[in-house]
Structures are given as C-alpha cells and as structure tokens.
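Chemist:
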Amino acid sequence: MKTKHFYHFATKGLEDDILFGSVLEFIAGMNRIALCLCRLGPDHPVMVVCFCLMDNHVHFILYGTEEDCILFMERYKQATELWLRHHGGDNLPGKFWQIGHWPIPDKDRLRSTIAYIHRNPTAAGMSVSPAGYRWSSASLVFADRAWIQSFGRRMDSLSIYERRRILNSKTELPDDWILLPDGMIWPGDYVSTQVMERQFDSVRDYQFVLNKRVEDDVNLEMYSQQISLPDRDIKSRARDVAGKLFGCRQIADLNVQQRVQLACVLKKETGAAAKQIARIVRLKLTELEPILNPRRG
Numbered sequence: 000m001k002t003k004h005f006y007h008f009a010t011k012g013l014e015d016d017i018l019f020g021s022v023l024e025f026i027a028g029m030n031r032i033a034l035c036l037c038r039l040g041p042d043h044p045v046m047v048v049c050f051c052l053m054d055n056h057v058h059f060i061l062y063g064t065e066e067d068c069i070l071f072m073e074r075y076k077q078a079t080e081l082w083l084r085h086h087g088g089d090n091l092p093g094k095f096w097q098i099g100h101w102p103i104p105d106k107d108r109l110r111s112t113i114a115y116i117h118r119n120p121t122a123a124g125m126s127v128s129p130a131g132y133r134w135s136s137a138s139l140v141f142a143d144r145a146w147i148q149s150f151g152r153r154m155d156s157l158s159i160y161e162r163r164r165i166l167n168s169k170t171e172l173p174d175d176w177i178l179l180p181d182g183m184i185w186p187g188d189y190v191s192t193q194v195m196e197r198q199f200d201s202v203r204d205y206q207f208v209l210n211k212r213v214e215d216d217v218n219l220e221m222y223s224q225q226i227s228l229p230d231r232d233i234k235s236r237a238r239d240v241a242g243k244l245f246g247c248r249q250i251a252d253l254n255v256q257q258r259v260q261l262a263c264v265l266k267k268e269t270g271a272a273a274k275q276i277a278r279i280v281r282l283k284l285t286e287l288e289p290i291l292n293p294r295r296g
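Numbering that gives the first Met the number 0 puts the first residue of the sequence shown at 0, with every later residue one more than the last.
1. For L245, which residues from the same chain have a beta carbon less than 7 Å from its beta carbon, with the 5 sequence-adjacent residues on both sides left out?
2. Where do the N-terminal and C-terminal ends of the alpha helix (DSSP H) with T121 fall, by residue?
3. Does DSSP put C68 in a helix, a strand or coil?
4. E24: buried (16+ other C-beta within 10 angstroms of its C-beta) or exposed?
5. Spell out the partners DSSP gives Y132 in its beta bridges.
6. Please classify F49: does DSSP put it in a helix, a strand, or coil?
7. Only counting the same chain, and skipping five residues up and downstream in sequence, which positions put a Cβ closer than 6 Å to that of R144?
8. Below 7 Å CB to CB, which residues in the same chain sit around F19 once its five sequence neighbours on both sides are set aside?
9. Going by CA-CA distance only, name the one from I250, L284, Q275, K266 that's closest to K11.
10. From the DSSP output, in three-state form, read off H86 for me.
11. Could you name the residues that DSSP lists as bridge partners for L61?
12. Comparing alpha-carbon positions, which option in K106, K274, E80 lies nearest G195?
13. Just curious, the beta strand (DSSP E) that I250 is in, first and last residue?
14. Buried or exposed for R295, going by 16 or more other Cβ atoms inside 10 Å?
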C-alpha cells in the first residue's frame, strides 16, 4: 500500500499572463477545486488542506499518495484550460504552467507552509489581511462556520438544471454542500479545515506562526527542489517567446543578442539550468553561464 503524505504544490508565476483575470474567473477557479475532488472519487482520495489562488499562480497543500495528488493537480490544470477555452474571453488558454511539488517533511514545515500560502496576498503587496482575501482557505481557520448554513443554499435545494447552469458542470456534489449567492461553492465544504487547524495549538499559536516571516525559508526550499522541465517543453516556450519578442519562432534564425535575451527570459520564467537553456538557444555554456548566473560566473 502506497504511503499518504502532505505535499506542497505550486505553479510558477506567469510573467506576462494570468490564470484568473476577473471575479468570475476566480469563482470558477475556486469551484474547480471542489469539482476535481469529486471527479477523483474514492478511488483516488485526496484532501485539500490549504490553498490560495493568485492571479498568475496557485498554491495547494494536499494530503494523499503522491500519484493521487499529482492526478488532482493535472485534472485541475486541464479543467482550467477547458474553462478558459469556453468562458475566458480575452484571457485565452494555453498557459505555460510549470507545476512543482515538494513533500512536507514534518509538522513544523507544515505549519510554516500553511502560513506561507495564507500570507501570499499580503506578501504580494495587497492591502488585505490573509483572512480577508476571498480566494484562499485563510478565512476558514478557527472561524465560526454556523452562519453559512443560513446564508447559502444547500445543493439538494437546487434543481439539476440550476446546478449545471451555475457550475457549468454535470459533476454530482454532496447534497449538504452550500452554494453561496455569487455561485461559489463554500470552500469549507471541500477544504479539510480540521486537519489544518490541528497543526496549531490554539488561535494564538496560528496567529504567531502567521505573523512570522516564512517566505525566505519556503521559497528556498521550493527553488532548491525545483522540478526541471523536459527539453520539448522549454523549446515550445522558447518558440512562443521568440515569436512574441522578435516576430520569429525559429531560434536558429535569431542573432546572438536575441538568443541571449531569450535565454534570460527562459531562466526567469522556467528556472531551468543554464546548461539546458544553452542547449535550447544554441549558445555556448561558457558564454551564457556568467550572464544567467552572474554570481557563479
């Protein structure tokens, strides 16, 4: 039997594009979490312990086997692409998603990662508290949940037609889940809030960890364990960037200065090693290394 574990999943922030460009897209993005969980079903049990959706990237803490957690993220990515294809308007699909995941080794790291994810909007410079940010699980921690029963509507109070129209999905959801007036499934129904809360001794303990600066430690862990992309993915992105910057998708037709500029963009967007990027843009590693990694050059 495969071991279940806590994992931190995140997508690398898109530099020139967004995943969620409006309230409607954020609501749909929230609902996809619930829908993807239900689609996995009991054969692939995954718990969403914590999450945050930002305009150009996402964070999740998932609990389950590594294979099932990866499957959830793949389904979430596919469902997002499909939704944008039909409802995104100018926010077109085809995002260059780079999804990484990192096992969380112990309770201390789990506590820090929860705080890191909930602090994302504040760390990004938004003038909003973690609990005041709508598109994360922060508002669920040690919260009074009784009021939601009278504020929203149970799923079994809606007709099949209403549910499919509002959610743009035929996926069946539990009857006692709550749909809020704006068409968003209440996240308290699909987030394993009690598991999240059990990592802290009290409300004060959670606030203490939340107020600590944890970004440097978690960012270092994510960077040091960055999962590299295969050459074909880097090449595909390189052609897209070259076409956008220089009006030419053929890397071989670019001059040296353009290739260096392309290499810098690829390094920033993908985090790929200088050796891999040099291979993609057809430059000598000895010439490119000092530019991409000046401290080591």
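Beta carbons: idealized from backbone N, C-alpha and C, even for Gly.
Modeler: Inspection of the coordinates gives the following:
1. For the record, residue 245 in the displayed sequence is Phe; it is not Leu. Result list for F245: L253, Q257, in chain order.
2. 119–122
3. helix
4. buried
5. Per DSSP, none; premise fails for Y132.
6. Going by the sequence as given, residue 49 is Cys instead of Phe. Looking at C49 - three-state DSSP - the assignment turns out to be strand.
7. G187
8. F25, G28, L52, D54
9. K266
10. helix
11. Y6, V47
12. Note that residue 195 is Met in the sequence shown, not Gly. Minimum Cα distance to M195 is reached at K106.
13. Unbroken run through I250: none, as it is neither H nor E.
14. Only weak support exists for where R295 lies, its pLDDT of 38 falling under 50; the value from the coordinates is given anyway. Classification of R295: exposed, given that the 10 Å Cβ count is below 16.
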